[in-house]
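Below is one structure; the comments refer to it alone.
Protein chains: 2
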Amino acid sequence: MDSERPKTVTLAEVAGKAGVSKMTVSKVLREVGNISQETRQRVRQAAHELGYLPNSLAGTLSSRRSRIVAVIIPSISDIVYAEVLSGVNAILRPKGFQTFIGESQFDPSVEVDLIRAMLSFQPAGLLLNGGMARSADAQALLARRNCPAIQLWDCDRHALDFSAGPSHEEAGRLVANHFLDRGLKRIAYVGAELDKDLSARRRHLALKSSLAAAGIDLVSMTCEDRPRQAVTGRFLTEQLMRMHPEIDGIHFLNDAMALGGLSYLHQAGLPVPERISVVGFNGTSLANAVRTRLTTIDVPRTEIGEKAAQALLQMMEAEPVPDFWQARLELVQGNTTLAI
Amino acid sequence: MDSERPKTVTLAEVAGKAGVSKMTVSKVLREVGNISQETRQRVRQAAHELGYLPNSLAGTLSSRRSRIVAVIIPSISDIVYAEVLSGVNAILRPKGFQTFIGESQFDPSVEVDLIRAMLSFQPAGLLLNGGMARSADAQALLARRNCPAIQLWDCDRHALDFSAGPSHEEAGRLVANHFLDRGLKRIAYVGAELDKDLSARRRHLALKSSLAAAGIDLVSMTCEDRPRQAVTGRFLTEQLMRMHPEIDGIHFLNDAMALGGLSYLHQAGLPVPERISVVGFNGTSLANAVRTRLTTIDVPRTEIGEKAAQALLQMMEAEPVPDFWQARLELVQGNTTLAI
DNA sequence: TTATCCAAGGTTAGCGATAACCTTAAAGCT
DNA sequence: AGCTTTAAGGTTATCGCTAACCTTGGATAA
Chain U
1 MDSERPKTVT LAEVAGKAGV SKMTVSKVLR EVGNISQETR QRVRQAAHEL
51 GYLPNSLAGT LSSRRSRIVA VIIPSISDIV YAEVLSGVNA ILRPKGFQTF
101 IGESQFDPSV EVDLIRAMLS FQPAGLLLNG GMARSADAQA LLARRNCPAI
151 QLWDCDRHAL DFSAGPSHEE AGRLVANHFL DRGLKRIAYV GAELDKDLSA
201 RRRHLALKSS LAAAGIDLVS MTCEDRPRQA VTGRFLTEQL MRMHPEIDGI
251 HFLNDAMALG GLSYLHQAGL PVPERISVVG FNGTSLANAV RTRLTTIDVP
301 RTEIGEKAAQ ALLQMMEAEP VPDFWQARLE LVQGNTTLAI
Chain H
1001 MDSERPKTVT LAEVAGKAGV SKMTVSKVLR EVGNISQETR QRVRQAAHEL
1051 GYLPNSLAGT LSSRRSRIVA VIIPSISDIV YAEVLSGVNA ILRPKGFQTF
1101 IGESQFDPSV EVDLIRAMLS FQPAGLLLNG GMARSADAQA LLARRNCPAI
1151 QLWDCDRHAL DFSAGPSHEE AGRLVANHFL DRGLKRIAYV GAELDKDLSA
1201 RRRHLALKSS LAAAGIDLVS MTCEDRPRQA VTGRFLTEQL MRMHPEIDGI
1251 HFLNDAMALG GLSYLHQAGL PVPERISVVG FNGTSLANAV RTRLTTIDVP
1301 RTEIGEKAAQ ALLQMMEAEP VPDFWQARLE LVQGNTTLAI
């Protein structure tokens, strides 16, 4: 590699060129203090000519104020979390904050490492996904943080300074009511990797107990070692319908699994929703679907990120914020045109 | 907001508690230098009891060596770039590097801002997406960097220290050969937002010129103001087939658009591949498809990220690396079962 | 006239760590 | 015994920047 890297230009060099002190340059570039127009001009000119680039590490170290916001999500390539992240970025970037992203892969031990690494960069705020078990080490680290921390994606429990997300318990109840309103009585749940995902588990439990209150026993078909994707949804639905052919309503962990399930039901000649009712979760299928429209619970993913980011900005200004923001959920009725 | 944040614990405090100097603590925690077993033990104990958390900013500033790698991709919520990023993370995280992610949204001016912001954190390396026009400001900034820089996703041009990605020109030729092998002569290209995406443009041009060499004039149906999604693919395919009903082969910008196109062709009663041949790009549809299998060019997205990260590690060790790594592309034949 | 104020900019002392070098006492060598 | 070596740890001087305070000369007020 070209070992001939350019020397880094510091404030002192700009100061030398402009004939002023380092401090003056610092003030001009940050637009604080009283500096005359001519001097500002001269300093800016010098900085530009030298190609000066500030060193944010030094700045943060010195001022003890950073513009880094650390975000830890379970997976970057899961569109759901990626969209929450987009919402966060959309609010923070225009305010000059940089987001620092970590991917925990739903692994609590990776999450601890990430929290430690993130905190060591002195972030101005920390955004964590709510849907995971937090290890004792993680709790201890969080207790020692000196920045606000926000929980994303789950507002059923408030362990941190603020939570933004749906109530997964409400989601479970919404689905239960949907089935009950349609007079269904043989209801099943299909999901995967529930051991990793507390939020999904909460939906499952809420569905189960809401149905139990109506005297209905939920059938659950789940597995822990397959991905939460369409193929798994298809596979589990096939198993489910073999073992329980009487089922007339299925709630899936997410939309991808629901589409897989739909595919099997279609092939098996079980019309949706006439013979069997299907409900997904997330609303991801809505934007991409061309003709198939799945019944699903639409979650405002981008808005969750935005609300979390806004709350963070307020907390950094020491403005009061409520404990949480609860995303409103919407059960969107689908159609059943089954082609792409 | 609990305003009662814990005071941060520094090396000096750990040193005080352990009865040694700051330097000794620093050496123990970094596992360098000659420190006796008993002292190490005492220092570790003190650090643990105080809940010491190193300040990476100070460490980096002082040592002039950072463990931050900056990555700028066009979009976080586009699965293609997200998977490249996952590959990068998979290699770098175990080596103790943190990735710093920026989303340029295909906007060159956002990209410049991001490069500036990233460089101000003194990263150990910079990964940039290759498929965008680089502004003059960005070039100037890059010229002043003092870390290795790698281009992702495109290895047709090598502006930086290393490139990892497919040759988009080869991709275009592959598609052309596929059509020619099948004896097709009325060929079209469907895409969107080509003004933003140099890589897609390269594929388009390569397809066009390969066909021209065979005496075939490519019909292009593109627009700049709609998203590169299924709906747009469907819409443009409908337009295309109205204006050019003779078309018998279509290459789409990506798989999502191709699925949209497939949906229209199916509805219009044009069987694929008998009446008309369709080819997508990326291979994203392969993993998620349950029954529809689109013919597409599969790109090893995760591997691209891994290769880029490995090259970066090598460059940081001052080991020699080649100029680029070219991802092998595979044209995967689909089937046409059209349901989900 | 003299005290006061303010615009414009400079000085000093860190922020929390590490590189590079220095010290010391005990052990080893001839 | 006298010299070298080494293990174990300490000192000093930054890294690049900013907070907090200080200086100065002219304008303004009393």
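Protein sequence lines, in the order shown, are assigned to chains U and H. Heads up: the first sequence is residues 1 to 340, going by my numbering. Heads up: the second sequence is residues 1001 to 1340, going by my numbering. For each residue, glycine too, the CB sits at the ideal point set by N, CA and C. From a predicted model like this one, the values you see are computed outputs, not experimental measurements.
Could you check which residue in Arg242/U, Lys196/U, Ile247/U and Met243/U has the C-alpha nearest to that of Arg226/U?
Position 226 of the first sequence, counted from the start, is the residue given in the question as residue 226/U. Comparing alpha-carbon positions, the option among Arg242/U, Lys196/U, Ile247/U and Met243/U lying closest to Arg226/U turns out to be Lys196/U.
Between Arg1116/H and Pro6/U, is the Cβ-Cβ spacing less than 7 Å?
Counted from its first residue, the second sequence places residue 1116/H at position 116. Counted from its first residue, the first sequence places residue 6/U at position 6. No. Outside cutoff.
Could you check if Lys208/U is buried or exposed, using at least 16 other CB atoms within 10 Å of its CB as the buried criterion?
Position 208 of the first sequence, counted from the first residue, corresponds to residue 208/U. Buried, because 16 or more other Cβ atoms sit within 10 Å of the Cβ of Lys208/U.
Can you tell which of Pro166/U, Asp298/U and Ala309/U has the C-alpha that lies nearest to the C-alpha of Gln333/U?
Counting from one through the first sequence, the residue named residue 333/U turns up at place 333. Cα-wise, what sits closest to Gln333/U is Asp298/U.
Note the first and the last residue of the continuous beta strand (DSSP E) segment covering Leu152/U.
Against the first sequence, residue 152/U aligns to sequence position 152. Per DSSP, Leu152/U belongs to the beta strand (DSSP E) from Ala149 to Leu152.
Short of 6 Å in beta carbon distance, which residues of its chain neighbour Ala1339/H, apart from the five on each side in sequence? Order them along the chain.
For the purposes of this step, residue 1339/H is taken as residue 339 along the second sequence, with counting starting at 1. Confidence at Ala1339/H is low in this model, with a pLDDT of 44, below 50, so the placement of that residue should be treated as unreliable; the coordinate-derived value is given next. Setting aside the 5 residues that flank it on each side, Ala1339/H is surrounded in the same chain by Arg1291, each with a C-beta closer than 6 Å to its C-beta; the list follows chain order.
Tyr1081/H - DSSP class collapsed to helix/strand/coil
Your numbering for residue 1081/H matches position 81 in the second sequence. Helix, per DSSP.
Of all the options Gln1151/H, Leu1029/H and Leu1114/H, which has the alpha carbon lying nearest to the alpha carbon of Asp1137/H?
Within the second sequence, the letter at position 137 stands for residue 1137/H. Cα-wise, what sits closest to Asp1137/H is Leu1114/H.
Does Ala1342/H pass the burial test, meaning 16 or more other C-beta atoms within 10 Å, or should it be called exposed?
Because chain H spans 1001 through 1340 in this model, residue 1342/H falls outside it and cannot be assessed.
Host beta strand (DSSP E) of Asn288/U (start-end)
Taking the first residue of the first sequence as position 1, residue 288/U is located at position 288. Unbroken run through Asn288/U is the alpha helix (DSSP H), Thr284 to Asn288; no beta strand (DSSP E).
Backbone secondary structure at Ser163/U - three-state DSSP:
As a working mapping, residue 163/U is identified with position 163 in the first sequence. Three-state result, Ser163/U: strand.
Do Ile1250/H and Ala1308/H have their C-beta atoms closer together than 7 Å?
Along the second sequence, read from residue 1 onward, the residue named residue 1250/H stands at position 250. Along the second sequence, read from residue 1 onward, the residue named residue 1308/H stands at position 308. No. Outside cutoff.
Can you give me the C-alpha to C-alpha distance between Thr1232/H and Gly1280/H, rounded to a whole angstrom?
For this step, residue 1232/H is matched to residue 232 along the second sequence. For this step, residue 1280/H is matched to residue 280 along the second sequence. The straight-line gap from Cα to Cα measures roughly 14 Å.
How long is the line joining the alpha carbons of Gly1125/H and Val1069/H, rounded to whole angstroms?
By 1-based counting over the second sequence, the position of residue 1125/H is 125. By 1-based counting over the second sequence, the position of residue 1069/H is 69. Each residue's Cα considered, the two are about 5 Å apart.
With C-beta atoms as the reference, is Ser86/U less than 7 Å away from Ser1077/H?
Indexing the first sequence from 1 puts residue 86/U at position 86. Indexing the second sequence from 1 puts residue 1077/H at position 77. Yes.
Quick one: is Ser1026/H near chain U, going by C-beta distance under 7 Å?
The residue labelled residue 1026/H in the question sits at position 26 within the second sequence. No, Ser1026/H lies away from the interface with chain U (no Cβ there is under 7 Å from its Cβ).
N- and C-terminal bounds of the beta strand (DSSP E) containing Asn1129/H:
For the purposes of this step, residue 1129/H is taken as the residue at position 129 of the second sequence. Asn1129/H -> beta strand (DSSP E) spans Gly1125 to Asn1129.
State buried or exposed for Arg1064/H, treating a residue as buried only when at least 16 other CB atoms are found within 10 Å of its CB.
The residue given as residue 1064/H occupies position 64 in the second sequence. Arg1064/H is exposed by the Cβ-count criterion.
Run of the alpha helix (DSSP H) containing Thr60/U, from where it starts to where it stops:
Start at 1 with the first residue of the first sequence, and residue 60/U comes out as number 60. That run of the alpha helix (DSSP H) goes Ser56 to Ser63.
Of all the residues that make up the segment 43 to 73 of chain U, which are near chain H by a beta-carbon distance shorter than 7 Å?
Considering only beta carbons, the part of the segment 43 to 73 of chain U lying closer than 7 Å to chain H consists of Gly51, Leu53, Pro54, Asn55, Ser56, Leu57, Ala58, Thr60 and Leu61, in chain order.
Asp1217/H: buried (16+ other C-beta within 10 angstroms of its C-beta) or exposed?
Looking up residue 1217/H in the second sequence gives position 217. So Asp1217/H counts as exposed.
So which residues of chain U does Phe1121/H contact, with C-beta pairs closer than 7 Å?
Numbered from its first residue, the second sequence carries residue 1121/H at position 121. The contacting residues are Ser56 and Leu57.
Could you pull out every unbroken alpha helix (DSSP H) segment of at least 4 residues lying fully inside the segment 299 to 323 of chain U, listed in chain order?
301 to 316
Among Ala1012/H, Pro1322/H and Asp1181/H, which residue has its Cα nearest to the Cα of Tyr1052/H?
Your numbering for residue 1052/H matches position 52 in the second sequence. It is Ala1012/H whose Cα lies nearest to the Cα of Tyr1052/H.
In three-state terms, what does DSSP make of Ser210/U?
The count along the first sequence starts at 1 and reaches residue 210/U at position 210. Of the three classes helix, strand and coil, the one that applies to Ser210/U here is helix, per DSSP.
Of the residues that make up the segment 288 to 302 of chain U, which ones have a beta carbon closer than 7 Å to any beta carbon in chain H?
Asn288, Val290, Arg291 and Thr292
For Tyr1264/H, which of helix, strand or coil comes out of DSSP?
To locate residue 1264/H, count along the second sequence from 1; it is residue 264. Three-state DSSP puts Tyr1264/H in a helix.
Leu1050/H and Val1009/H - do their beta-carbons sit closer together than 7 Å?
Position 9 of the second sequence, counted from the first residue, corresponds to residue 1009/H. Position 50 of the second sequence, counted from the first residue, corresponds to residue 1050/H. Yes, Cβ-Cβ distance for Val1009/H and Leu1050/H is below 7 Å.
Which stretch, first to last residue, makes up the beta strand (DSSP E) that contains Gly102/U?
Walking along the first sequence from the start, residue 102/U turns up at place 102. From DSSP, the beta strand (DSSP E) with Gly102/U extends over Gln98 to Glu103.
Sufficient close CB pairs (3 or more, under 8 Å) joining the segment 151 to 158 of chain U to the segment 119 to 134 of chain U
yes
Could you give the DSSP three-state label for Ser1277/H: helix, strand or coil?
Stepping through the second sequence from its first residue, residue 1277/H is reached at position 277. Strand.
Contact set between the segment 1201 to 1234 of chain H and chain U, restricted to residues whose Cβ is under 7 Å from the partner
Here the close residues are Gln1229, Ala1230, Val1231 and Arg1234.
Among Phe324/U, Pro54/U, Gln41/U and Leu331/U, which one has its Cα closest to the Cα of Leu294/U?
One-based indexing of the first sequence puts residue 294/U at position 294. Ranking the options by Cα distance to Leu294/U, first place goes to Leu331/U.
Contact check, His158/U vs Ser199/U, beta carbons under 7 Å:
Numbered from 1 along the first sequence, position 158 holds the residue referred to as residue 158/U. Numbered from 1 along the first sequence, position 199 holds the residue referred to as residue 199/U. No. Outside cutoff.
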